Amino acid sequence: MSNLSNVVPLPDPPSVAELVATGAVDAADDWNTYPPSSFPMQVARRLIADLFTTGGHRTLVYWRGQWWSWEGTYWRQLSTELELRKPVWDRLEEVTYTDKDGEPKAWAPTTAKVNNIIEPLQLQTFIPDRLDAPTWLDGTQGAEQLVSLRNGLLDLSTVTLSPHTPQLFNTWALGFDYDPQATCPQWEHFVTTTFAHDPAAGLALQEIFGYLVTGRLDQQKGFMLIGPRRSGKSLIVRIVTALLGATNVAPTSMQSLAGNFGLADWVGKPLAVLSDSRDSGALPDAVVERLLMVIGQDAVPVEKKYQDNWTGTLPTRVMLVSNELPSFRDSSGALVDRWVVLETAVSHIGREDTSLFDRLVVELPGIFNWALHGATRLHDQGRFTTPASTAETVEMLHDAAAPEATFIREHYAVTGEPEDYEPLAEVYAAFQLSMRGRGGTPVSQNRFKAKLKAAGLPGVGPTKREITGKRVEVVKGIQRKF
């Protein structure tokens with residue numbers, strides 16, 4: 001069995017207080033003398049210097065309504081403010097202040113005193129919300145070219161390693177060493193056999209992995225793995241999760257994504273995985289809207305339990321994994337066009353290789369190099385490789401996303417001419433009958449009109465015409481086929 005516990009970030013760098021406690025440095029004469037609680041900003045500055053500074057760099061920041069701590073290779077979001085308050089309380093219990101008579105008095109922290117320091121700490125460590133990670137805290141350019149690994153920062157433009165530094169604000173890191181000589185023969189064999197029906201799909205997977213490990217967002221694409229049970233989808237997800245690190249991946253269900261706090265766990269995460277996304281009907285509008293905003297790199301409102309809400313762009317790529325083709329009610333086709341679709345064709349039920357993951361995970365440094373080749377090809381091509389085997393699947397996605405447009409194309413000739421039209425009531429009645437026959441969910445006539453207008457069929461849409469002296473609602477640009 002492989003030991004994934006070995007794939008961990010470096011130990012936390014020691015704070016000044018820890019160095020003093022271990023005798024690594026001598027304490028200054030006023031080491032344990034602090035400003036009084038009536039000067040909270042000065043107290044905050046001392047706490048930052050003593051507890052949250054290493055090598056002259058701060059190791060605590062406040063960004064987008066959350067506290068982040070430097071972990072040696074990346075910045076980790078504190079799970080609760082108690083992680084900040086505990087060392088603050090511990091330090092303030094050790095120190096004194098000088099009263100007006102020049103006498104030392106115990107600082108004696110209380111909840112009120114500590115609460116009074118929290119905002120000054122925020123102000124002293126604040127990073128503007130408009131800055132996206134990764135970013136250099138001193139304003140230097142080029143952070144997007146860096147990938148953090150266990151043994152250093154890999155500059156993709158020069159393929160060179162440099163030491164880690166808290167001056168780079170990055171919210172995730174890969175948990176293994178960079179080894180330019182590492183290979184992954186078993187992984188390559190798995191990819192080749194999984195996509196033997198269409199080698200282009202294997203190339204696309206390589207590009208997807210490269211896109212993920214290099215932190216790119218510019219393509220504004222989500223990734224969809226569709227196929228029968230035991231056909232390799234879950235193993236691909238497990239490997240990409242091990243590659244990025246489990247703490248850097250947000251596993252999500254469609255149900256939770258539709259909820260108020262569905263995006264809370266995505267902040268700072270490079271990947272969200274929607275697994276087993278089967279649904280008997282169309283996905284909720286809230287899910288479609290959120291996926292479109294996140295994948296399209298639009299600002300999205302994020303609600304958080306017991307914390308301030310935040311609105312901004314997420315650094316999160318989305319991978320949807322399902323045995324069945326999901327149904328997006330998206331008449332415009334905007335979300336459907338965002339997906340890179342891969343299909344795994346062969347089920348291995350009864351023939352599973354239960355030790356394959358453990359053999360593959362030791363190849364992570366080689367899989368990283370394999371992914372970098374995919375990233376290079378993606379850069380050269382300017383777009384992801386499109387597997388021919390998924391053309392029919394993509395068409396089915398479009399049909400399911402916009403059943404109104406599909407119905408019109410199947411039952412009417414689309415002329416786009418304004419003089420061609422059919423009564424809306426008749427078109428709508430026929431559509432409802434068709435939907436019931438397919439097991440679909442009926443929609444109101446007003447919703448049908450709105451969806452038809454958004455479908456983008458040239459010259460087709462609801463309007464009104466004079467028929468036998470009356471203004472009647474019609475669908476223009478179509479003629480009945482039969």
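Using UniProt numbering, the letters of the sequence shown map in sequence onto residues 1 to 482. Don't be surprised by glycine CBs; every beta carbon is placed ideally from N, CA and C. Owing to the predicted nature of the structure, the values given are computational and were not obtained by experimental measurement.
Asked, Found
"Is the shortest distance between the beta-carbon of TYR178 and the beta-carbons of chain B less than 7 Å?", "Given the protein chain composition of this structure (a single chain), no chain B is represented."
"Can you list, in chain order, the residues of its chain with a C-beta nearer than 8 Å to that of residue 493? Leave out the 5 residues immediately preceding and following it.", "As shown, the chain starts at 1 and ends at 482. That puts residue 493 outside it, with no answer to give."
"Are the CB atoms of TYR428 and PHE448 within a distance shorter than 7 Å?", "yes"
"Name, in chain order, the residues that DSSP records as bridge partners for SER322.", "ILE226"
"Evaluate SER5 with the Cβ neighbour count: other Cβ atoms within 10 Å of its Cβ, from every protein chain shown; 16 or more gives buried, anything less gives exposed.", "Unreliable placement is indicated for SER5, whose pLDDT of 32 sits below 50; no coordinate value is reported for it."
"Among residues of its own chain, excluding the 5 on either side of ILE117, which ones have a beta-carbon nearer than 6 Å to its beta-carbon?", "PRO40, VAL43 and ALA44"
"Between which residues of its own chain and ALA345 is the CB-CB distance below 6 Å, once the five residues before and five after are set aside?", "HIS197"
"In its own chain, which residues sit with a C-beta less than 6 Å from the C-beta of GLN432, not counting the 5 before and 5 after it?", "PRO442"
"Going by DSSP, what residue range makes up the alpha helix (DSSP H) through TYR428?", "424-437"
"Could you give the DSSP three-state label for TRP89: helix, strand or coil?", "helix"
"Count the CB pairs spanning the segment 316-330 and the segment 221-239 that are closer than 8 Å, and state whether there are at least three.", "yes"
"Throw me the rounded Cβ distance for the LEU243 and LEU174 pair, which I believe falls under 8 Å.", "7 Å"
"Taking VAL472 as part of the beta strand (DSSP E), name the residues at either end of that continuous run.", "470-476"
"Taking only runs of the alpha helix (DSSP H) that begin and end inside the segment 340-385, which ones reach a length of at least 4 residues, in chain order?", "356-361 and 364-381"
"Sorted by chain position, which residues of the same chain lie with C-beta nearer than 7 Å to VAL7's C-beta, five sequence neighbours on each side aside?", "Only weak support is given to the placement of VAL7: the predicted model assigns it a pLDDT of 35, under 50, and the question is left unresolved by the model."
"Check for me: the beta strand (DSSP E) holding LYS464 runs from which residue to which?", "461-467"
"Going by other Cβ atoms of all chains shown within 10 Å of its Cβ, with 16 needed for buried, is ALA17 buried or exposed?", "buried"
"Ignore the nearest five residues each way along the sequence and tell me which others in HIS411's own chain have a CB closer than 7 Å to its CB.", "ALA430 and LYS481"
"Mind listing, in chain order, the continuous beta strand (DSSP E) runs of no fewer than 3 residues lying wholly within the segment 41-94?", "60-63, 66-70 and 75-77"
"Counting along the chain, where does the beta strand (DSSP E) carrying GLY312 start and finish?", "310-312"
"Taking only the alpha-carbon atoms, compute the straight-line gap between GLY366 and SER231 and give it to the nearest angstrom.", "23 Å"
"To the nearest angstrom, how far is it from the Cα of PRO35 to the Cα of SER157?", "48 Å"
"Do you know whose CA, among ASP308, HIS398, SER38 and PHE52, lies nearest SER15's CA?", "PHE52"
"Which same chain residues end up closer than 6 Å to VAL287 when comparing Cβ atoms and leaving out the 5 residues on each side of it in sequence?", "MET254, LEU257 and ALA258"
"Taking the alpha carbon of PRO251 as the point to measure from, which residue in ARG359, LYS269 and LYS305 has its own alpha carbon closest?", "LYS269"
"Can you confirm whether the segment 54-64 touches the segment 141-151 when touching is taken to mean that 3 or more C-beta pairs between the two stretches lie within less than 8 Å?", "no"
"Based on the DSSP output, what are the partners of ALA272 in its beta bridges?", "ALA250 and VAL318"
"Quick check on the burial criterion: 16 or more other C-beta atoms within 10 angstroms. Buried or exposed for ARG130?", "exposed"
"Locate the beta strand (DSSP E) running through VAL302, then write down its first and last residues.", "300-302"
"Can you name the residues that DSSP bridges to GLY152?", "LEU149"
"Please say whether GLN167 and LEU137 have beta carbons closer to each other than 7 Å?", "yes"
"Tell me the DSSP secondary structure of LYS481 in three-state form.", "coil"
"Report yes if the CB atom of PRO336 is closer than 7 Å to the CB atom of ALA401, and no otherwise.", "Looking at the sequence shown, residue 336 is not Pro but Val. Cβ atoms of VAL336 and ALA401: closer than 7 Å."
"Spatial neighbours of PHE261 within its chain, please: CB distance less than 8 Å, with the 5 preceding and 5 following residues excluded, ordered by chain position.", "GLU303, LYS304 and LYS305"
"For the putative contact between LEU424 and VAL475, defined by C-beta atoms under 8 Å, what is the C-beta separation to the nearest angstrom?", "6 Å"
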